[in-house]
Amino acid sequence: MKIINVVGARPNFMKIAPIIDALNDQGQVVHLLVHTGQHYDQRMSQAFFEDLGLPRPDIDLEVGSGSHAQQTAAVMVEFEKVLLREKPDWVVVVGDVNSTLACALTAKKLGIKVAHVEAGLRSRDMSMPEEINRLCTDAISDALFTTDCFADENLAREGVPARKVHFVGNVMIDTLLKHRDRARELGTYSRFGLEPGMYVAMTMHRPGNVDNRETLEGILMALERVSRDIPILFPIHPRTAKMIERFGLSGYVLPHGGDGVKPRFGVWTTEPLGYLDFLNVNMHSRMVLTDSGGLQEETSVLGVPCVTMRPNTERPVTCEMGTNVLVGNDPAKIEEAVRARLVFKPRECATPPLWDGRAGARIVAKLMELGGS
Ligand code: UD1
19 MKIINVVGAR PNFMKIAPII DALNDQGQVV HLLVHTGQHY DQRMSQAFFE
69 DLGLPRPDID LEVGSGSHAQ QTAAVMVEFE KVLLREKPDW VVVVGDVNST
119 LACALTAKKL GIKVAHVEAG LRSRDMSMPE EINRLCTDAI SDALFTTDCF
169 ADENLAREGV PARKVHFVGN VMIDTLLKHR DRARELGTYS RFGLEPGMYV
219 AMTMHRPGNV DNRETLEGIL MALERVSRDI PILFPIHPRT AKMIERFGLS
269 GYVLPHGGDG VKPRFGVWTT EPLGYLDFLN VNMHSRMVLT DSGGLQEETS
319 VLGVPCVTMR PNTERPVTCE MGTNVLVGND PAKIEEAVRA RLVFKPRECA
369 TPPLWDGRAG ARIVAKLMEL GGS
């Protein structure tokens with residue numbers, strides 16, 4: 019049997035790593051890693067390969083950035099050549115980025131079986147490009163690997179036959195559990211002059227939060243107010259950095275050199291951090307403020323309070339069982355939620371079923387059972 023595993027953007031790398039580990043352990047399957055090149059900056063891509071011990075991609079499509087249509091189309095054109103040459107039995111795609119959909123669509127049209135890891139997540143918000151990617155990928159996948167019962171219910175409601183759906187747990191958490199102890203000892207937070215439990219760790223890159231000047235300024239103003247009480251460390255995504263610059267909002271943030279200087283209160287920006295460094299910053303923070311999907315899951319497992327600047331989530335299990343609370347992007351609500359968590363101890367949280375570090379192994383076992391063409 020031959021499998022092509024696909025990665026494209028930052029959140030894909032930690033999801034594919036446990037599958038590659040399990041394939042290597044299993045030893046009988048030929049597998050190739052294809053990087054679409056959707057993310058290409060050293061800090062958005064290569065740094066994760068190093069941290070996670072991922073093998074160098076066998077094939078890099080080098081598509082880079084572009085509009086949604088340009089990026090998706092460029093991946094399809096290049097990936098089709100790879101599939102025609104390599105003729106795999108399965109293509110494994112993870113998550114919900116443009117590369118996920120592009121590769122699933124290309125494979126399916128060539129009659130190659132598609133496995134979607136992290137299937138069935140739904141925000142029911144069609145203004146999110148990821149929701150469109152999720153719906154379309156799931157609609158054409160042959161094996162749908164899910165992380166929780168909400169995802170199983172979503173797929174059942176959409177009429178996906180139960181025989182295609184496999185509840186395996188969460189590969190992102192496999193990676194978290196594998197690297198947690200190593201990351202804990204790194205002391206990354208101290209490089210930024212911070213003390214454990216005495217800062218907020220933040221990420222923000224969703225178009226809904228950063229692509230509109232008024233929205234972005236409102237959020238930055240709220241953060242600036244909150245940061246008079248507790249410093250905020252904000253490793254900044256290239257999209258957000260570009261927008262802050264374009265809208266002339268740089269006055270709300272303070273660049274930190276990562277030189278051990280103790281930050282005054284404020285919103286301190288730094289370049290995107292690697293996987294292990296951000297995990298260190300996350301696990302030692304007082305709380306995380308984010309619009310990411312994966313961080314809602316990681317904080318829930320780490321027991322770190324998470325305030326999510328989105329009106330909805332495709333990961334409701336993190337609100338029901340974990341530490342997550344949704345606040346949207348209203349500045350007053352963001353400020354109120356962060357302040358509340360500075361004062362109150364969060365409620366006890368629980369880890370969702372099968373988020374136990376074995377999801378990658380379950381996926382590979384199931385693919386072996388399903389077999390080649
Ligand atoms: C993508 C995913 C999003 C995911 C995020 C994680 C889609 C639709 N979106 O969003 O789901 O949460 O990745 O980071 O697939 N850029 C760089 N260097 C890079 C990559 C991007 O400078 O290595 C800049 C470019 O200006 C680019 C912009 O960031 O145009 C956006 O990149 P893109 O891949 O289109 O989407 P993300 O916002 O990163």
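Converting from the sequence shown to the working numbering requires adding 18 to each position, the first position being numbered 1.
C-beta atoms are modelled at their ideal positions from N, C-alpha and C, and glycine is treated no differently.
Residue i: CB within 7 Å of a non-hydrogen atom of the ligand UD1
i	result
aspartate 199	no
alanine 27	yes
arginine 257	yes
tyrosine 293	no
glutamine 44	no
glutamate 263	no
methionine 62	yes
tyrosine 58	yes
asparagine 227	no
asparagine 347	no
histidine 223	yes
valine 115	yes
lysine 182	no
glutamate 148	yes
lysine 260	yes
glutamine 89	yes
serine 145	no
serine 318	no
serine 141	no
serine 391	no
serine 159	no
serine 208	no
serine 83	yes
Counted within 10 angstroms of its Cβ, other Cβ atoms place residue i as buried (16 or more) or exposed
i	result
phenylalanine 362	exposed
histidine 57	buried
aspartate 295	buried
methionine 32	buried
histidine 302	buried
histidine 86	exposed
valine 95	exposed
glycine 312	buried
aspartate 138	According to the sequence displayed, residue 138 carries glycine and not aspartate. Glycine 138 should be labelled buried.
asparagine 151	buried
valine 279	exposed
glutamate 242	buried
leucine 102	exposed
arginine 28	buried
valine 48	exposed
Contact under 8 Å by Cβ, residue i with residue j
i	j	result
leucine 251	phenylalanine 210	yes
proline 370	threonine 341	no
cysteine 367	methionine 327	no
tyrosine 293	leucine 51	no
valine 285	serine 245	yes
lysine 127	aspartate 160	no
valine 132	valine 111	yes
arginine 304	leucine 360	yes
asparagine 300	alanine 219	yes
leucine 307	leucine 267	no
glycine 269	threonine 288	no
valine 135	arginine 380	no
valine 109	alanine 91	no
histidine 197	leucine 297	yes
threonine 155	leucine 119	yes
proline 179	threonine 221	no
phenylalanine 265	arginine 224	no
Own chain residues within Cβ distance below 6 Å of residue i, not counting five before or after
i	result
glycine 26	Thr54, Gln56, Val115, Ser117
glutamate 148	Asp114
glycine 375	Asp192, Leu195
asparagine 188	Thr165, Trp373, Ala377
proline 329	Gly346
threonine 317	Val306, Cys324, Thr341
glycine 236	Pro349
proline 214	His302
phenylalanine 66	Phe31, Tyr293
Close Cβ partners of residue i (< 7 Å) along its chain, the five nearest in sequence each way excluded
i	result
aspartate 16	Because the chain in this structure spans residues 19 to 391, residue 16 falls outside the shown range and cannot be described.
methionine 261	Val228, Asp229, Leu234
valine 382	Ile37, Ala40, Leu41, Gln44
leucine 388	Ala161
Residues of its chain near residue i, where Cβ-Cβ distance is below 8 Å and the 5 sequence neighbours each way are ignored
i	result
valine 331	The residue you asked about is not valine; residue 331 is threonine in the sequence shown. Contacts found: Ser141, Gly311, Gln314, Cys337, Asn342, Leu344.
valine 100	Ile22, Val52, Ile77, Leu79
Neighbour flag for residue i against chain B, beta carbons, 8 Å
i	result
glycine 187	Chain labels in this structure do not include chain B; a single protein chain is all it has.
(request) Please go through the stretch 275–354 and give each complete alpha helix (DSSP H) segment of 4 or more residues, from N-terminal end onward. (result) 293–301, 312–320, 335–338
(message) What ranges does the beta strand (DSSP E) occupy inside the stretch 101–153, keeping only unbroken runs of at least 3 residues that lie completely in it?
(response) 108–112, 131–137
(request) Note down, one range per segment and in chain order, each alpha helix (DSSP H) of at least 4 residues found wholly within the stretch 19–61. (result) Every alpha helix (DSSP H) of 4 residues or more that sits fully in the stretch 19–61 is shown, in chain order, as 28–44.
(request) Output the residue ranges of the alpha helix (DSSP H) runs that lie fully inside the stretch 193–233 and measure 4 residues or longer, sorted by chain position. (result) 206–209, 225–228
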